[in-house]
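Notes follow the structure.
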Amino acid sequence: MVKNSSEVLFNAIAPIYGIFFDYQRRQFNRSLEQAKTRLDLSKYQSILDVGCGTGALCFVLHENGLSVTGIDPAAGMLKIAKRKLTGHNISLLQASVLEPLPFADKSFDVTIASFVAHGLKPDERRKMYHEMSRLSRSKVLIYDYNQKRSPLTTLLEWLEQGDYFRFIKHAESEMVNCLSDLKQCFSSVEVVHTTGQASFYICTPQN
Ligand SMILES: C[S@@+](CC[C@H](N)C(=O)[O-])C[C@H]1O[C@@H](n2cnc3c(N)ncnc32)[C@H](O)[C@@H]1O
1142 MVKNSSEVLF NAIAPIYGIF FDYQRRQFNR SLEQAKTRLD LSKYQSILDV
1192 GCGTGALCFV LHENGLSVTG IDPAAGMLKI AKRKLTGHNI SLLQASVLEP
1242 LPFADKSFDV TIASFVAHGL KPDERRKMYH EMSRLSRSKV LIYDYNQKRS
1292 PLTTLLEWLE QGDYFRFIKH AESEMVNCLS DLKQCFSSVE VVHTTGQASF
1342 YICTPQN
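Sequence positions in the sequence shown follow my numbering and run 1142 to 1348.
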């Protein structure tokens, strides 16, 4: 399988990501707590973490009582996730959300993608929204940057050469337009800001 530049990048930085596993767990717990009044995960049983990376969010979701599956195309990220999640009943699979994932329609109550969307091109993001919508019974959660910027994030995202700068400007309208353009992504999008530079984009999938 030919590796794209994102896979090469994430395979290379996976060990650094792994160092921040516990920090990330604390951050995810804090963000979920802040969003709790609008996003109550205790109502759900199963969740797919798209672009799970080294597995910190999988860990937190599992701690919250959810049955968790994580997918990521970067073997290096998954290798660390497998190590960090040893002993926990969490399924991990090497796969890209840009290809049809090997799950039947509406296989999960919720799908979530944390800090994946801003690294994809607009047409790839639409593919991701569509695929997550296909797989979700109740909610699609995009957890990603909002328009608050810090100099460090600006530098890192410039180095990553993803789509951060366009994403933060157009994220919400893009998700809404995905509905009107394609009639196949979401029937509603609600934005819940957490402190700092990230927001939950809480989307209701098309049936
Ligand atoms: C910035 S990292 C975020 C990792 C993790 N979600 C987190 O919040 O710590 C982006 C992740 O998205 C993954 N990714 C990139 N392209 C993807 C795709 N097409 N399908 C699924 N995951 C992808 C990368 O391999 C990487 O692990």
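Quick reminder that beta carbons are idealized off the backbone N, C-alpha and C, glycines included.
- Message: Can you determine whether any heavy atom of ligand 1 sits closer than 7 Å to the C-beta of Met1218, and answer yes or no?
- Response: yes
- Query: Distance, Cα to Cα, Tyr1185 vs Lys1289?
  - Reply: 30 Å
- Three-state secondary structure (DSSP) at Gly1211? strand
- In whole angstroms, what separates the C-alpha of Phe1249 from that of Glu1298? 31 Å
- Reference Met1316, options Val1281, Leu1300 and Ala1236, closest by Cα: Val1281
- Whole-angstrom C-beta distance between Tyr1286 and Ala1339, which should lie under 8 Å: 6 Å
- Helix, strand or coil at Thr1252 [DSSP, three-state]: strand
- Query: What is the rounded straight-line gap between the Cα of Lys1262 and the Cα of Asn1145?
  - Reply: 13 Å
- Query: How would you call Pro1214, buried or exposed, if buried means at least 16 neighbouring beta carbons within 10 angstroms?
  - Reply: buried
- Three-state class that DSSP yields for Val1149 in the structure shown: helix
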